[in-house]
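Each remark here refers to the structure printed beneath this line.
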Amino acid sequence: MDTILVPTAMGGALDKFKARFCVVGTSQVKGQDYFESFASGARGTSVKMVVILTVVEGWIDFHFDLKGAYLDSNIDTDVYVDQAAGLDPVVGPNGERMCMKLDKAIYGTVQAARLFTKKFRAALVSIGFEVSLDDEAVYRLDHKLGRIVLATHVDDGIGGASTTAVLNWMYDEIIKHGFSFSQQGGWHTILGFGAKRDLVNRTVTISAGGHIRDLVRMHLADEVASTLNPPTPTARTIMDLQPADLGVTYGASHLKSAADLTPPKDALLPMGDVRDFSLFCTVDSDLPGKGLPARPDGDTTFVDKQSHRAQLGYTISLAGGCMEAVSRRQHSTAVDTAAAEMFAASVAGAVLVSVTSVLAFVSFGVLGHQTVRIWCDNEAAVMAANDASSIKRLAYIARRVRFLQELVTRKIVVLLNIDGKQNPADALTKHIEPKATFRDYMARLYNATASLFRFSHTTSMAHPAENSD
Numbered sequence: 001m002d003t004i005l006v007p008t009a010m011g012g013a014l015d016k017f018k019a020r021f022c023v024v025g026t027s028q029v030k031g032q033d034y035f036e037s038f039a040s041g042a043r044g045t046s047v048k049m050v051v052i053l054t055v056v057e058g059w060i061d062f063h064f065d066l067k068g069a070y071l072d073s074n075i076d077t078d079v080y081v082d083q084a085a086g087l088d089p090v091v092g093p094n095g096e097r098m099c100m101k102l103d104k105a106i107y108g109t110v111q112a113a114r115l116f117t118k119k120f121r122a123a124l125v126s127i128g129f130e131v132s133l134d135d136e137a138v139y140r141l142d143h144k145l146g147r148i149v150l151a152t153h154v155d156d157g158i159g160g161a162s163t164t165a166v167l168n169w170m171y172d173e174i175i176k177h178g179f180s181f182s183q184q185g186g187w188h189t190i191l192g193f194g195a196k197r198d199l200v201n202r203t204v205t206i207s208a209g210g211h212i213r214d215l216v217r218m219h220l221a222d223e224v225a226s227t228l229n230p231p232t233p234t235a236r237t238i239m240d241l242q243p244a245d246l247g248v249t250y251g252a253s254h255l256k257s258a259a260d261l262t263p264p265k266d267a268l269l270p271m272g273d274v275r276d277f278s279l280f281c282t283v284d285s286d287l288p289g290k291g292l293p294a295r296p297d298g299d300t301t302f303v304d305k306q307s308h309r310a311q312l313g314y315t316i317s318l319a320g321g322c323m324e325a326v327s328r329r330q331h332s333t334a335v336d337t338a339a340a341e342m343f344a345a346s347v348a349g350a351v352l353v354s355v356t357s358v359l360a361f362v363s364f365g366v367l368g369h370q371t372v373r374i375w376c377d378n379e380a381a382v383m384a385a386n387d388a389s390s391i392k393r394l395a396y397i398a399r400r401v402r403f404l405q406e407l408v409t410r411k412i413v414v415l416l417n418i419d420g421k422q423n424p425a426d427a428l429t430k431h432i433e434p435k436a437t438f439r440d441y442m443a444r445l446y447n448a449t450a451s452l453f454r455f456s457h458t459t460s461m462a463h464p465a466e467n468s469d
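Pasting the structure below:
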């Protein structure tokens, strides 16, 4: 099949016509028309690590988009397609309609993304990049001209370079390997989120404003769609806010007993009127001093009435900027608070094993080897993690306890007790009152001023701000 695209410029004026030949990949049969379709992209936390280290080191930030990514790779099996409609058909010697055999992957083929990813990874490795063992979409280059850290997501690359010379050299080498760029420059967006960097103060702000407005269009269409530009709701879902962390954190903390990852209208309403809603990642140059703290929390107060599962939340920060924040139901049923807290700490510990390895990789071995402090507000959970004899009351989750004890023994993590009122991860597991406490928690998690989180339920939803991402 063929597709005609009509892109429009600002204001709705006709920009240009585009024609794309694509196939209906839904008719492809696995094992016959393709074998594998998985194409990796860097974890959101890994991307933020690259961003934070670039900012802290004062390196040159860069972002590139490769042109025609899905059209670059040779197809890995025999795939035959019909001729495009609307064109004079090519016929055989007996007048029969002919079909076409693909030489390269094209739009719509199931394996196109994977084939491109494999080809681009091979090119980067041949240039001299090393690939992380814990996140295969994260790369580093140690060259005589300088160093580069890079995270990729299909045809997008986000990273930092220590010198202009090594950055230009990388671009030239990628072009020599047959790729071309549709976009090159600094950070304007990071995986669809707006990005603003302050070189003087060494800070970066990742904005989720555009995603929030899309969610408002979808979930509050009756209330505000007629006042938005464009008014048509998009296909994004609430889960698109997960990489922003803050949106999920805010929504989950205001769901009371029905806490879930899908904020209802009463959580989206105040978000839709925020005029400058951003996820602040204000980093500090003292990386070893700030360390890599984790703050888990488990709560049985807002247990799910059907499954009896408690709420789980944790945050992981680097250099004062929150890299990851999670709020969801625990996988198992906790009979008391100590078990819920231990479950949350073990989940955070499991994630930290990967996070610290990627951190050591992108920092060229400088970071990632220090013991990570996990701040837990349950004394029983802390004692059980640090003392093998304190497991009796938690025997039914013994594997998780032993796992944490092993991490402590190997000095990967250390559990420290913290006052429950001082643990901002509480905002990820329960409804926080008064609102001032919630704002204070968020300010500490995201190293921002508390006024940023002053959401108003009384302001009109008639004219939500249309700031750029």
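Residue numbering for the sequence shown follows the UniProt record's numbering, starting at 1 and increasing by one per position.
For every residue, glycine included, the Cβ atom is placed at its ideal position computed from N, Cα and C.
> Considering Asp172, what are the terminal residues of the beta strand (DSSP E) in which it resides?
Replying inline: Careful: Asp172 lies outside any beta strand (DSSP E), inside the alpha helix (DSSP H) at 164-176.
> From which residue to which residue does the alpha helix (DSSP H) around Gly44 run?
Replying inline: 44-57
> What is the rounded straight-line gap between the Cα of Gly108 and the Cα of Lys67?
Replying inline: 16 Å
> Got a sec? Which residues, its chain only, sit under 7 Å from Thr164 by beta carbon, not counting five neighbours each side?
Replying inline: Ile60
>> So within the segment 98-153, which uninterrupted beta strand (DSSP E) runs reach at least 3 residues, ignoring any that extend past its ends?
In response: 138-143, 146-153
> What are the start and end residues of the beta strand (DSSP E) that includes residue 548?
Replying inline: This structure cannot speak to residue 548, because the chain is shown only from 1 to 469.
> With DSSP run on the structure shown, which of helix, strand or coil describes Asp426?
Replying inline: helix
> Can you tell me the Cα-Cα spacing of Lys30 and Glu36, whole angstroms?
Replying inline: 8 Å
>> For Glu136, which residues in the same chain have their Cβ closer than 7 Å to its Cβ, ignoring the five residues on either side in sequence?
In response: Ser40
> How about Leu141 and Val166: are their beta carbons less than 9 Å apart?
Replying inline: yes
> Quick one, which of Met342, Asn378, Arg43 has its alpha-carbon nearest Asp419's?
Replying inline: Asn378
>> By alpha-carbon positions, which one of Asn94, Gln183, Leu416 ends up nearest to Arg373?
In response: Leu416
>> Tell me the DSSP secondary structure of Phe38 in three-state form.
In response: coil
> Between the beta-carbon of Arg197 and the beta-carbon of Thr189, is there less than 9 Å?
Replying inline: no
> Does the separation of the CB atoms of Ala350 and Ala294 fall below 9 Å?
Replying inline: no
>> Which residues does DSSP list as the beta-bridge partners of Glu324?
In response: Ile316
>> I need the boundaries of the alpha helix (DSSP H) containing Ala195, first residue and last residue.
In response: Per DSSP, Ala195 belongs to no alpha helix (DSSP H); it is in the beta strand (DSSP E), 193-198.
>> If I measure Cβ to Cβ from Ala384 and keep anything under 7 Å in the same chain, skipping five residues before and after, which residues do I get?
In response: Met342, Ser390, Ile391, Leu394, Val401
> Tell me the DSSP bridge mates of Gln189?
Replying inline: Going by the sequence as given, residue 189 is Thr instead of Gln. In DSSP, Thr189 forms a bridge with Gly194.
> Using the rule of at least 16 other Cβ atoms within 10 Å of the residue's Cβ for burial, across every protein chain shown, is Gln422 buried or exposed?
Replying inline: exposed
> Does the distance from the CB of Pro296 to the CB of Ala425 come in under 9 Å?
Replying inline: yes
>> Can you look up Lys421 in the DSSP assignment and give me helix, strand or coil?
In response: helix
> When burial is assigned at 16 or more other CB atoms within 10 Å of the CB, is Asp172 buried or exposed?
Replying inline: exposed
>> Could you tell me the alpha carbon to alpha carbon distance between Val366 and Asp336, rounded to whole angstroms?
In response: 40 Å
>> Looking at Phe116: is its Cβ nearer than 9 Å to the Cβ of Ala42?
In response: no
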